[in-house]
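See below for the structure under consideration.
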Amino acid sequence: GENVEQHPSTLSVQEGDSAVIKCTYSDSASNYFPWYKQELGKRPQLIIDIRSNVGEKKDQRIAVTLNKTAKHFSLHITETQPEDSAVYFCAASRSGNTGKLIFGQGTTLQVKP
Amino acid sequence: NAGVTQTPKFQVLKTGQSMTLQCAQDMNHNSMYWYRQDPGMGLRLIYYSASEGTTDKGEVPNGYNVSRLNKREFSLRLESAAPSQTSVYFCASSGQTAGQPQHFGDGTRLSIL
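Protein chains in written order, with my numbering: chain A, 1 to 113; chain B, 1001 to 1113.
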């Protein structure tokens, strides 16, 4: 069945360093890959997304890369700040009429000041 | 523009009691979803509704029922609550076509004693 694996489960970096979170998906028909940030006690919020016709997308300090051949995609956060500390979820969906997402297990990012 | 609104925000139940969690969205989305989030387990899909009048099981549907009351509202019912259903429940909505992000409500924190 459809599956999304996310690594690492926890990540600790020093403020100013870069952080990279990687996800692998199993369904080759997947064509939409959003990333969500969830702060403690809050709702998941979309921070960036990428579609399968694009290999990379950047928004200020965050970027996402997609390798369709290898079926993996990654989130890159540069110049990390303490407010980047949160749980990050990747997800994947395939074309169709439901919009259903398959989520990874989440990565807890801690940015140490 | 409220987005996705969930009620209640907190609830404590006794084993065997029933309860309905309410969700409403004002974004004219066709698709709606119910997730549960347990520590270390990420987001698990309980049920979803791709359009008004349709509902489908997700990954963990046992012990739950849903109703898509109209395009705006999607409710989740626990007929006989069990301690294993203690969790945070999130409702989300999205457009129906492929490549649409899901928008989440603030969640309902449910404890079953």
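In this text, a Cβ means the ideal position worked out from N, Cα and C, and glycines have one as well. For clarity, every value in this text was computed on a predicted model and none was experimentally measured.
| query | Under the three-state reduction of DSSP, which class applies to Asp84 (chain A): helix, strand or coil? | reply | In the structure shown, Asp84 (chain A) sits in a helix (DSSP, three-state: H, G or I).
| task | State the Cα-Cα distance for the pair Tyr25 (chain A) and Leu1045 (chain B), rounded to the nearest angstrom. | result | Taking the straight line from one Cα to the other gives about 17 Å.
| By DSSP, does Ser1087 (chain B) sit in helix, in strand, or in coil? | Three-state result, Ser1087 (chain B): strand.
| message | Can you tell me whether Thr98 (chain A) is helix, strand or coil according to DSSP? | response | Three-state result, Thr98 (chain A): coil.
| request: Could you spell out the range, first to last residue, of the beta strand (DSSP E) harbouring His72 (chain A)? | output: From DSSP, the beta strand (DSSP E) with His72 (chain A) extends over His72 to Ile77.
| Can you name, in chain order, every residue of its own chain whose Cβ lies under 7 Å from the Cβ of Leu1078 (chain B), other than the five neighbours on each side? | Ser1018, Met1019, Gly1063, Tyr1064 and Gln1085.
| My guess is that Lys57 (chain A) and Ile48 (chain A) are in contact by the Cβ rule of under 8 Å, so how many angstroms apart are they, rounded? | Confirmed, about 6 Å.
| Which residues share a DSSP beta bridge with Ile62 (chain A)? | Ile62 (chain A) has A:Asp59 and A:Ile77 as its beta-bridge partners, per DSSP.
| query | Alpha carbon to alpha carbon, what distance is there between Ser1049 (chain B) and Phe1094 (chain B)? | reply | Looking at the sequence provided, one finds Ser at residue 1094 (chain B) rather than Phe. Note on geometry: alpha-carbon atoms of Ser1094 (chain B) and Ser1049 (chain B) lie some 10 Å from one another.
| Which term fits Ser84 (chain A), buried or exposed, when burial requires 16 or more other beta carbons within 10 angstroms of its beta carbon? | Before going on, a small fix: residue 84 (chain A) reads as Asp here, not Ser. The residue is buried, with at least 16 neighbouring Cβ atoms inside 10 Å.
| request: Just tell me which of A:His7, A:Pro8 and A:Val64 has its CA closest to the CA of Leu75 (chain A). | output: Closest by alpha carbon: A:Val64.
| task | Output the distance between the C-alpha atoms of Val1012 (chain B) and His1029 (chain B), rounded to the nearest integer angstrom. | result | Going from the Cα of Val1012 (chain B) to the Cα of His1029 (chain B) covers about 30 Å.
| said: By the DSSP assignment, the beta strand (DSSP E) with Arg43 (chain A) in it spans what residues? | reply: Looking at the DSSP string, Arg43 (chain A) is not in any beta strand (DSSP E), and its letter there is neither H nor E.
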